[in-house]
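Enquirer:
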Amino acid sequence: MAVEAKYTKGDEEKIFTGSKEGVKIEDTDRNAMQEPSNTKLGDLRREIMSVQKQVNVFLTERMEAEKNGKTDAEELERKMLDGNDEEAEE
1 MAVEAKYTKG DEEKIFTGSK EGVKIEDTDR NAMQEPSNTK LGDLRREIMS VQKQVNVFLT
61 ERMEAEKNGK TDAEELERKM LDGNDEEAEE
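Here the UniProt record's numbering is used: the first residue of the sequence shown is 1, the next is one more, and so on.
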């Protein structure tokens with residue numbers, strides 16, 4: 001089972017895909033009492049938490065860019081020059 005979220009604004013589209021790996025409970029769910037279990041439901045929870053974290057990071061970066069008055073093209077250029085573009089991570 002794969003968890004995905006899709007963000008669309010105008011011509012821009014971004015798809016976030018869940019991952020079971022590398023998700024720590026403290027990263028996304030401060031109210032949880034324990035780590036997700038090693039069951040199908042626990043795996044689903046990990047994937048949802050992974051997508052939630054990706055969406056939060058993406059939207060925070062967009063809000064910061066808009067707050068600073070930068071266009072999407074300017075922000076992409078900054079990320080590429082800083083070596084922090086998303087294509088490099090994939």
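Heads up, the beta-carbon is just placed ideally off N, CA and C, and yes, glycines get one too.
1) Where does K20 sit, in a helix, a strand or coil, going by DSSP?
2) According to DSSP, which residues form a beta bridge with T8?
3) Between the C-alpha atoms of E21 and L59, what's the straight-line distance to the nearest angstrom?
4) Alpha carbon to alpha carbon, how far is K79 from A65?
Expert: For this structure:
1) It is coil, neither helix nor strand.
2) Per DSSP, the beta bridge partners of T8 are E13.
3) 22 Å
4) 11 Å
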